[in-house]
Amino acid sequence: NAGVTQTPKFQVLKTGQSMTLQCAQDMNHEYMSWYRQDPGMGLRLIHYSVGAGITDQGEVPNGYNVSRSTTEDFPLRLLSAAPSQTSVYFCASRFAGGSNQPQHFGDGTRLSIL
Amino acid sequence: AQSVAQPEDQVNVAEGNPLTVKCTYSVSGNPYLFWYVQYPNRGLQFLLKYITGDNLVKGSYGFEAEFNKSQTSFHLKKPSALVSDSALYFCAVRDMSRGSTLGRLYFGRGTQLTVWP
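Keeping their order, the protein sequence lines are chains A and B. Each residue of the first sequence is one higher than the one before, starting from 2 at the first, in my numbering. Each residue of the second sequence is one higher than the one before, starting from 638 at the first, in my numbering.
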């Protein structure tokens with residue numbers, strides 16, 4: 002059972018480039034979310050989805066787009082990378098109806114913008 | 638506003654000694670509280686949760702946490718620390734009040750625990 006899989010693990014981009022961070026889960030979880038982790042800031046919610054075709058913004062959505070065409074996949078797109086987006090990105094999932102259930106996290110994508 | 642505070646950036650403790658990692662929270666309704674641990678270059682792993690019931694909850698790897706409603710705290714504890722417990726610990730609260738965004742999770746900034754031999 003793979004859980005939550007994120008690719009790539011590491012990426013270096015130049016300012017202005019675009020890229021997509023991939024996230025896939027095999028637990029049939031409805032709820033998926035993207036966080037960024039910065040030193041001393043904890044985890045901040047970027048976007049989330051409660052099911053295929055439904056997405057919404059979190060705390061820090063600017064500069065990022067998401068889509069949810071299937072239950073399994075929840076990619077995060079950086080439209081025009083900026084140095085401020087240098088961070089570690091985590092994808093997480095859980096059952097939507099299980100608010101008392103913990104989230105399952107991927108191992109993260111470490112992204113550097115030059 | 639919902640928030641979580643972890644007042645200590647770092648906690649250092651000797652192996653074999655008890656450890657406490659502090660967490661306080663602020664939510665509108667009844668809180669669902671969680672502790673997660675993060676090892677280097679890994680994602681967050683669930684340790685334990687408080688939903689309702691007994692104020693002392695037990696979790697993975699010998700950790701436990703005490704919920705105190707009057708002090709709005711949820712401190713993580715372990716009676717005897719191990720070197721392998723050294724990691725980054727996050728407290729999180731899920732807001733279950735009416736109108737909250739599907740029980741969004743709010744994280745503290747994290748506390749780096751170092752257990753020295």
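By construction, the Cβ of each residue, glycine as well, lies at the ideal position given by its N, Cα and C atoms. Computed from a predicted model, the values in this text were never measured in an experiment.
{"Query": "Tell me, which residues are paired with Phe744 (chain B) by DSSP?", "Result": "B:Ala729"}
{"Query": "Just to confirm the assignment, what range does the beta strand (DSSP E) spanning Ala651 (chain B) have?", "Result": "Gln647 to Ala651"}
{"Query": "Do Gly107 (chain A) and Gly680 (chain B) have their beta-carbon atoms positioned less than 8 Å apart in this structure?", "Result": "yes"}
{"Query": "Are the beta-carbon atoms of Tyr673 (chain B) and Ala729 (chain B) separated by less than 8 Å?", "Result": "yes"}
{"Query": "Tell me the rounded alpha-carbon separation between Lys706 (chain B) and Asp39 (chain A).", "Result": "30 Å"}
{"Query": "For a minimum of 3 consecutive residues, which ranges assigned as the beta strand (DSSP E) are wholly contained in the region 664-701 of chain B?", "Result": "668-675, 681-687 and 693-695"}
{"Query": "Listed in chain order, which residues of the region 683-709 of chain B have Cβ atoms closer than 7 Å to some Cβ of chain A?", "Result": "Phe683, Lys686 and Ile688"}
{"Query": "When you compare only the Cα positions, how much space is there between Ser34 (chain A) and Arg78 (chain A)?", "Result": "13 Å"}
{"Query": "Determine the chain A residues that contact Leu742 (chain B) at a beta-carbon separation under 7 Å, and present them in chain order.", "Result": "Gln104"}
{"Query": "Are the C-beta atoms of Tyr669 (chain B) and some chain A residue less than 8 Å apart?", "Result": "yes"}
{"Query": "Do Lys695 (chain B) and Thr657 (chain B) count as a contact pair if the criterion is CB distance below 8 Å?", "Result": "no"}
{"Query": "Which whole-angstrom value is the C-beta distance of Arg69 (chain A) and Ala53 (chain A), which I expect to be below 8 Å?", "Result": "5 Å"}
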